[in-house]
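Peer 1: I'd like to ask you about the structure that follows.
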Amino acid sequence: MMTSTAPAAISPLTPLPAPYAVQTEDLRVNFGATKALDRVSARIVPGAITGLLGRNGSGKSTLLAAIAAYRRPSSGRVLVAGREPYEEPAVVAGICLLREAGDFADCSVRQVLQLAASVRPTWSSTVADRLLERFKVPMRKKTTNLSRGQRSALAAVIGIASRSPLTMFDETYLGMDAPTRYAFYEELLADYSEQPRTIIISSHLIEEVERLFEYVLVLDQGRLLLQESADDLRERGARVVGQSAAVESFVAPYTVVSRQSLGRTMAATIYGALATDARADASAAGLDIESVSIQDLFVHLTADSSHYVPAGEPVDSQHAKELR
Amino acid sequence: MTAASYDLSAQPAAVQPNNLLAPARWLTARHLDKALWFTGIVVVIFGVVLTAIGADISFSLWENFVSSGPAWFTLAMGATAVTSFLPVLVAQGQTRGRFVAAAALALAALAALLSIFVLVGYGAESLLNERLGWSMALVGEHTFDSRSQIFLVFSEYFVRYLLFGLVGILAGYGFYRAGGWWGTLLLLLTAALPLGLGNILLVQEFEIIRQGFASMTFVWVGLTTATVAGLGLTLAFELVLFFVCYALLRTVPIRTKLN
């Protein structure tokens with residue numbers, strides 16, 4: 052048990068700070084000649100869970116690092132809770148970014164947790180103790196001797212128990228096995244319901260985590276591809292299931308993302324919102340319309356981002372329209 | 101619920117960061133783990149060497165071979181603070197500026213403890229001189245003339261070790277920012293230069309000060325003006341060094357470490 056982390060724990064009666072909103076304006080981060088982020092103007096809704104999606108090298112980690120004030124933008128700006136976070140003690144004290152490799156140095160688990168408890172104003176020792184037991188994180192081991200899964204679990208404990216107004220998980224849980232990952236999602240949701248805060252989850256395991264998302268933000272090659280609510284995004288596509296011939300006929304005017312056949316039955320995923328009369332036509336043709344997964348749409352959008360952005364129109368102005 | 105329905109520029113009540121002493125205490129504890137090992141090893145080696153040759157030498161072993169060890173140890177701890185613990189503290193919601201302040205406080209605590217360790221060693225050496233009739237005399241340049249000048253012995257070593265600790269932070273910055281190869285080359289600037297300057301200020305006692313004010317004494321502690329100037333100038337130099345570290349480290353990006 053982690054009794055030594057108790058001193059800085061906040062009382063259950065102490066009101067926790069309001070969730071932080073995040074906004075970036077024309078944010079650019081360059082690594083030499085490489086543009087890791089290019090004119091990203093993103094808005095993260097406070098008190099909601101946002102999924103940050105993108106292919107490898109799309110700039111997800113760089114965006115999170117800029118938001119957490121790990122690095123200064125090359126140009127543009129980041130606003131967290133209405134203020135620029137870089138070297139701003141009152142803002143960064145409320146930000147918690149957990150990166151995949153973890154930032155634990157050569158310390159024992161106990162020492163890392165002691166630090167978190169002593170410097171995190173919103174730390175909950177009760178939550179930390181419970182999660183440590185559930186995830187079976189060995190307290191005495193050095194973090195460098197932990198398995199990848201144990202390090203991920205430690206990061207998950209810190210992320211949830213910190214109860215920071217802005218908590219970001221950057222592929223933190225990749226090392227966990229499936230049961231532990233599902234336990235993490237469950238704990239995260241439970242604690243988020245109890246203490247709402249702004250959470251950003253960056254992940255490649257989209258199918259697993261998409262049910263958590265209220266908003267989705269997609270980066271592609273350093274640029275913001277889309278940002279909208281998860282429900283709106285799901286409505287951008289549909290899965291049409293039925294007799295192959297009927298399905299082929301129905302989807303002919305649409306962009307088909309994928310086709311799966313089994314005997315004479317076919318399931319086709321299309322990109323594009325279905326109007327009410329189209330749904331009626333499908334029903335009349337004996338076809339089932341199912342909602343499409345964010346993962347399918349993500350694969351389609353990032354395979355060729357021109358599907359999303361109208362020709363000749365800058366990505367950011369399109370987003371501005373959608374946000375209006 | 102849409103992003104547009106929120107005032108994204110609203111500034112909710114800030115999270116008040118905890119007292120600076122919290123990260124400083126944590127860093128001090130990390131240094132102490134290693135300091136215990138270091139002092140233990142020093143005492144054992146010193147004991148063995150002293151037993152073997154103590155009666156045959158005329159100079160202080162403690163002064164010449166031991167007291168410089170804690171200085172380099174403090175420098176190593178300063179460098180380690182940056183290369184190992186800067187990302188850890190930033191990941192726990194601390195600014196780089198607060199890290200530098202916490203690291204400096206932790207190194208000051210370490211310097212104080214190691215100065216007491218050196219003081220105790222000098223005391224033990226004095227005792228051996230008295231009891232066994234040995235004649236291990238002080239031979240180096242110091243702000244003190246005798247081991248019994250406790251305040252001066254402590255002050256000199258505290259100021260010296262703090263200097264090494266701050267230089268360690270600067271050297272650590274070089275390694276963290278530029279990597280092993282360039283960090284080593286940069287040691288000329290980040291370590292050799294400030295250590296040289298600090299040592300001149302501490303014990304060389306500028307002639308101009310010595311000549312101008314040699315007759316003045318601080319009666320209440322029995323210090324000469326030159327001694328006070330030496331300690332004071334070194335402390336002032338350390339303050340400058342602290343602000344240099346502060347200014348440099350505030351700009352350093354926290355890199356992604358892949359294990």
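Sequences listed follow chains A and B, in order. The opening residue of the first sequence carries number 52 in the numbering used here; numbering runs sequentially from there. The opening residue of the second sequence carries number 101 in the numbering used here; numbering runs sequentially from there. Positions of the beta carbon are idealized from the N, C-alpha and C atoms, including for glycine. All values reported here derive from a predicted model rather than from experimental measurement.
1) Of all Cβ atoms in chain A, is any one closer than 8 Å to the Cβ of F275 of chain B?
2) Does DSSP classify F82 of chain A as helix, strand or coil?
3) Would DSSP call I157 of chain B helix, strand or coil?
4) Can you tell me the Cα-Cα spacing of V218 of chain B and Y257 of chain B, whole angstroms?
5) For the alpha helix (DSSP H) that Q346 of chain A lies in, which residues bound it at each end?
6) Can you tell me the Cα-Cα spacing of F254 of chain B and V142 of chain A, whole angstroms?
7) Rounded to the nearest angstrom, how far is the Cβ of A319 of chain A from that of V302 of chain A, given a contact under 8 Å?
8) For V129 of chain A and L78 of chain A, which I take to be in contact (beta-carbon distance under 8 Å), what is that distance rounded to the nearest angstrom?
9) Look up K193 of chain A in the DSSP assignment and say whether it is helix, strand or coil.
10) What does the Cβ neighbour count give for H141 of chain B, buried or exposed, with the cut at 16 atoms within 10 Å?
11) Using the rule of at least 16 other Cβ atoms within 10 Å of the residue's Cβ for burial, across every protein chain shown, is S176 of chain A buried or exposed?
12) Would F185 of chain B count as contacting chain A if we go by Cβ distances under 8 Å?
13) Using DSSP's beta-bridge definition, name the partner residues of G288 of chain A.
14) Spatial neighbours of V344 of chain B within its chain, please: CB distance less than 8 Å, with the 5 preceding and 5 following residues excluded, ordered by chain position.
15) Which of the three DSSP states, helix, strand or coil, is assigned to F199 of chain B?
16) What whole-angstrom Cβ distance do A191 of chain B and L120 of chain B have, given they're in contact under 8 Å?
17) In the structure shown, what three-state DSSP assignment does Y222 of chain B receive?
18) What do you reckon, is the C-beta of E230 of chain B under 7 Å from a heavy atom of the ligand MG?
19) Compare the Cα-Cα distances from L132 of chain B to each of B:Y346, B:S235, B:A209 and B:R350 and report the closest residue.
20) Below 8 Å on the Cβ atoms is my guess for G178 of chain B versus V239 of chain B; work out the distance and round it to an integer in Å.
21) Mind listing the chain A neighbours of R350 of chain B? Cutoff is C-beta to C-beta under 7 Å, in chain order.
22) Which whole-angstrom value describes the C-beta separation of P70 of chain A and T249 of chain A, a residue pair presumed to lie in contact below a C-beta threshold of 8 Å?
Peer 2: The short version:
1) no
2) strand
3) coil
4) 8 Å
5) Boundaries of the alpha helix (DSSP H) around Q346 of chain A: I345 to A354.
6) 40 Å
7) 5 Å
8) 6 Å
9) Strand.
10) According to the sequence shown, residue 141 of chain B is Ile rather than His. I141 of chain B should be labelled exposed.
11) Result: buried.
12) Closer than 8 Å: yes.
13) In the DSSP output, where bridge partners are listed per residue, G288 of chain A has A:Y322.
14) L270
15) The answer is helix: DSSP assigns F199 of chain B an H, G or I state.
16) Contact flag wrong, Cβ pair sits at about 17 Å.
17) helix
18) This structure lacks the ligand MG; in fact it carries no ligand of any kind.
19) B:A209
20) With a contact defined as Cβ atoms closer than 8 Å, G178 of chain B and V239 of chain B miss out at about 28 Å.
21) E138
22) Correct: roughly 4 Å between the Cβ atoms.
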